[in-house]
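J.: Listed in order, the protein sequences are those of chains A and B. Numbered per my numbering, the first sequence spans residues 65 to 372. Numbered per my numbering, the second sequence spans residues 41 to 345. Here it is: the structure, laid out below.
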Amino acid sequence: MGKIGKSAKDIVRNKVLLFMVLPGALWFLFFSYLPMVGTVIAFKEYRFSRDGFWASIINSKWVGWDNFKFLFSTNDAFLITRNTLLYNTAFIIIGLILSVLLAVVLSEITNKKLAKLYQTGMFLPYFLSWVVVGYFAFSFLSSERGLLNALFGSKISWYSESKYWPFIIIFVYLWKAVGYNSVVYLAAIMGIDKSLYEASMIDGASKFQQIRNITLPLLNPIIIIMTLLAIGKIFYADFGLFYQVPRDSGTLYSVTNVIDTYVYRGLKTTGEIGMSTAAGLYQSVVGFVLVITSNYIVRRFDKDSALF
Amino acid sequence: MSANAVKSRDFHRLSSVWNIIFNCIAGGFAILCIFPFLFVVLISFTDEGSLARDGYQLIPAKWSLEAYKYVFGSGDTLLRSYGVTIAVTVIGTLVSLLLISLYAYAISRKSFKYRNFFAFFAFFTMLFNGGLVPTYIIVTQLLGLKDSIWALVLPLAVNAFYIMILRTFYITSVPDALIESAKIDGAGEFRTFLRIVLPLSLPGLATIGLFSTLGYWNDWFNALLYIDNPNLVPLQSMLMRIETSMQFIMQNSQNSSLSLEAMRSMPQDTSRMAMVVLATGPIIFAYPFFQRYFIQGLTIGAVKE
């Protein structure tokens, strides 16, 4: 019998569980692993072939690192990397400050019913799609009809002036994400041992001393972990935010083009399949390194919070 | 007595001045979050003429129901999109729950010989992905899903993170001893799963189900990539398409009389806002209920095996 017989026996013994895992495993194979194989396109001059996917890949000519060379010889690579990194950095820093601030504020409000009500309001944006948020932004920013121009009597054509967009993008991001993120911190604050506060009360600590000396220090680990995990994803941008909110306006690309929108446009608009795949692979590889690194650091802080 | 006890601690509570300030901060941000939606609702009830004159107003000069009449009277575009979105959401959520709950159950069983392999098989996809272009080419060329409803359902069906959450949920909410005793009573894996594990982990399933319901309802990206057939366009994507074709017509309106014609048949500003309201409506009504599960999901996600 030997080895083969033994593994055949194992398969039979586990057949029901294997059967259960099969549909999901096939999904991963088709939607995750084959695309990983498909990244070879980054090293090819992709030619669509009528004979289907495999023929297209095999018949396309190898070009080595040419796609990458082209990508990095244009200004695009620098621009999209810069935009992706700077926006995410701003999101991480400002988002953290606001979410923690709101969580602390919510936890201290005396009337718990009101606090709950506020939280429900803050949570709303998280449930809306980027298309809808894009419409919201338009109702404020439309140059002829928008509320902002009407309120300030200005005539700014928002969708063609790139200098305002870093602020608009950051504002919209915060509007959508902060309520959701603050829930995480609020949950952590709720988990803090109440006896610590009681002890500090006996020592005569004021509310603000409690916040500074108990709440914030005890939030530190979760703040560090959330931040490191966000840094792991710093090479990825939310496509909807950068595509729907500026309404794909070409004049704004210098400040709204990020790696994700660049890859999409390469695929669907400009047809630069090879270069666009190269940009996607660049994102995946750097993203992978960042996730691994930040997770390694998270592990050193707190084993339980690490992804793996 | 207890009232006294509360009172004696009062000085450690927030002073009333700070309480007001804190209420203003939190309440102000909450209003800021809700305001744009209310504003769009207002616009949708504004008279188109007064809108053309004054722009979007907080208090419209003239109210009107025209927009909604137009949307409901203008044939079945909106209804069809509603239909597509509802179908995709229902089918998608069911498929998604089925695949995820089975996968998570298998890798939660300690007796499963290949559990580590399959756990890693799922987990690795959270670390590395092939990117948009190869995925697009696989979906359209290898799987041939372009312009099919499955292109809207399948790409969102499985998510390694949800599998991890649900596996944790199974492990923590279904004691091993219970599964063992079911085994001794002669139940097979499927029976154990259906009769014991699923009922006990309903809150976990509900959480994952709501996450994916929201994901499907709000999705427009897959439609943007894979759908050209106007009969298969979901709500969010339809809203987006109206917008882009409007822009297209406006940009080209100087040099063609045809586009003026097209312009007239396009929904007016107020009707588009009415469509936004109608597309968002179900979510707005459901979300206070969703919220509880989302918070639960966040907390489960944070707790690991």
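Quick reminder that beta carbons are idealized off the backbone N, C-alpha and C, glycines included.
With contact counted as at least three CB pairs below 8 Å, one residue from each stretch, are the region 181-196 of chain A and the region 305-318 of chain A in contact?
T.: Because the criterion of three Cβ pairs below 8 Å is met, the region 181-196 of chain A and the region 305-318 of chain A touch.
J.: For residue 67(B), tell me which candidate among 166(A), 327(A) and 91(A) has the shortest Cα-Cα distance.
T.: Here the closest residue by C-alpha is 166(A).
J.: Would you list, in sequence order, the uninterrupted alpha helix (DSSP H) runs of no fewer than 4 residues that lie entirely inside the region 57-110 of chain B?
T.: Entirely contained in the region 57-110 of chain B, the alpha helix (DSSP H) runs reaching 4 residues are, in chain order, 88-94.
J.: To which residues does DSSP link residue 126(A) through a beta bridge?
T.: Note: residue 126(A) sits in a beta bridge opposite 108(A).
J.: List the whole-angstrom C-beta distance separating residue 143(B) from residue 85(A), where the pair is believed to meet the contact cut-off of C-beta under 8 Å.
T.: About 5 Å; that satisfies the 8 Å criterion.
J.: Should residue 200(A) be flagged as near chain B, meaning a C-beta pair shorter than 7 Å?
T.: Yes - at least one Cβ of chain B is within 7 Å of the one on residue 200(A).
J.: Is the Cβ of residue 123(A) closer than 7 Å to any Cβ of chain B?
T.: By this cut-off, residue 123(A) is not an interface position.
J.: Check whether the Cβ of residue 73(B) lies closer than 7 Å to any Cβ atom in chain A.
T.: Interface residue, yes.
J.: Counting only beta-carbon atoms, is residue 78(A) nearer than 7 Å to chain B?
T.: Answer yes: the Cβ-Cβ gap between residue 78(A) and chain B drops below 7 Å somewhere.
J.: Could you tell me the boundaries of the alpha helix (DSSP H) in which residue 142(B) lies?
T.: From DSSP, the alpha helix (DSSP H) with residue 142(B) extends over 117-148.
J.: For residue 143(B), return the contacting residues in chain A, with the cut-off set at a CB-CB distance below 8 Å.
T.: The contacting residues are 84, 85, 87, 88 and 89.
J.: Does any residue of chain A bring its CB to less than 7 Å from the CB of residue 137(B)?
T.: Not an interface residue.
J.: Go through its chain and collect everything with a Cβ distance to residue 347(B)'s Cβ below 7 Å, but skip five positions before and after it.
T.: Within the shown structure, residues of chain B are numbered from 41 to 345, placing residue 347(B) beyond reach of any answer.
J.: By Cβ distance below 7 Å, which residues in the same chain neighbour residue 365(A) in space, the five residues on each side in sequence not counted?
T.: 285, 288 and 289.
J.: Can you tell me whether residue 125(A) is buried or exposed? The criterion is at least 16 other CB atoms within 10 Å of its CB, across all chains shown.
T.: Exposed: under 16 other Cβ atoms inside 10 Å.
J.: Answer with yes or no whether the minimum CB distance from residue 332(B) to chain A is below 7 Å.
T.: No, residue 332(B) lies away from the interface with chain A (no Cβ there is under 7 Å from its Cβ).
J.: Shortest alpha-carbon distance to residue 189(B) belongs to which of 85(B), 282(B) and 265(B)?
T.: Out of 85(B), 282(B) and 265(B), 265(B) has the C-alpha closest to the C-alpha of residue 189(B).
J.: Evaluate residue 222(A) with the Cβ neighbour count: other Cβ atoms within 10 Å of its Cβ, from every protein chain shown; 16 or more gives buried, anything less gives exposed.
T.: Residue 222(A) should be labelled buried.
J.: I need the boundaries of the alpha helix (DSSP H) containing residue 274(A), first residue and last residue.
T.: Looking at the DSSP string, the run of the alpha helix (DSSP H) that includes residue 274(A) is 271-274.
J.: Inspect the CB distances between the region 319-336 of chain A and the region 214-234 of chain A and report whether three or more fall short of 8 Å.
T.: At 8 Å Cβ cutoff, the stretches touch.
J.: Give the residues of chain A in contact with residue 195(B), contact being defined as C-beta atoms less than 7 Å apart.
T.: 95, listed in chain order.
J.: Can you list, in chain order, the residues of its chain whose CB lies under 6 Å from that of residue 113(A), leaving out five sequence neighbours each side?
T.: Taken in chain order, the residues that qualify are 119, 120 and 123.
J.: Residue 138(B): buried (16+ other C-beta within 10 angstroms of its C-beta) or exposed?
T.: The residue is exposed, with fewer than 16 neighbouring Cβ atoms inside 10 Å.
J.: At what residues does the alpha helix (DSSP H) containing residue 260(B) begin and finish?
T.: Unbroken run through residue 260(B): none, as it is neither H nor E.
J.: Residue 296(A) to residue 264(A), Cα distance in whole Å?
T.: For residue 296(A) and residue 264(A), the distance between alpha carbons rounds to 37 Å.
J.: For residue 254(B) versus residue 327(A), is the C-beta distance shorter than 7 Å?
T.: Against a cut-off of 7 Å, the Cβ pair of residue 327(A) and residue 254(B) comes out as no contact.
J.: Just to make sure I have the definition right: I need the residues of chain B whose C-beta is within less than 7 Å of the C-beta of residue 74(A). Which are they?
T.: Near residue 74(A) (Cβ distances below 7 Å), the residues of chain B are 153.
J.: Could you tell me the alpha carbon to alpha carbon distance between residue 321(B) and residue 256(B), rounded to whole angstroms?
T.: Their backbone Cα atoms lie some 15 Å apart in a straight line.
J.: Below 8 Å on C-beta distance, what does residue 228(B) contact in chain A?
T.: The answer, in chain order, is 80.
J.: Specify the secondary structure class of residue 208(A) as computed by DSSP and reduced to three states.
T.: Three-state DSSP puts residue 208(A) in coil, outside helix and strand.
J.: Run through DSSP, which three-state label would residue 262(A) get?
T.: Residue 262(A) falls in the helix class under three-state DSSP.
J.: State the DSSP-derived secondary structure class of residue 341(A), mapped to helix, strand or coil.
T.: Note: residue 341(A) maps to helix in three-state DSSP.
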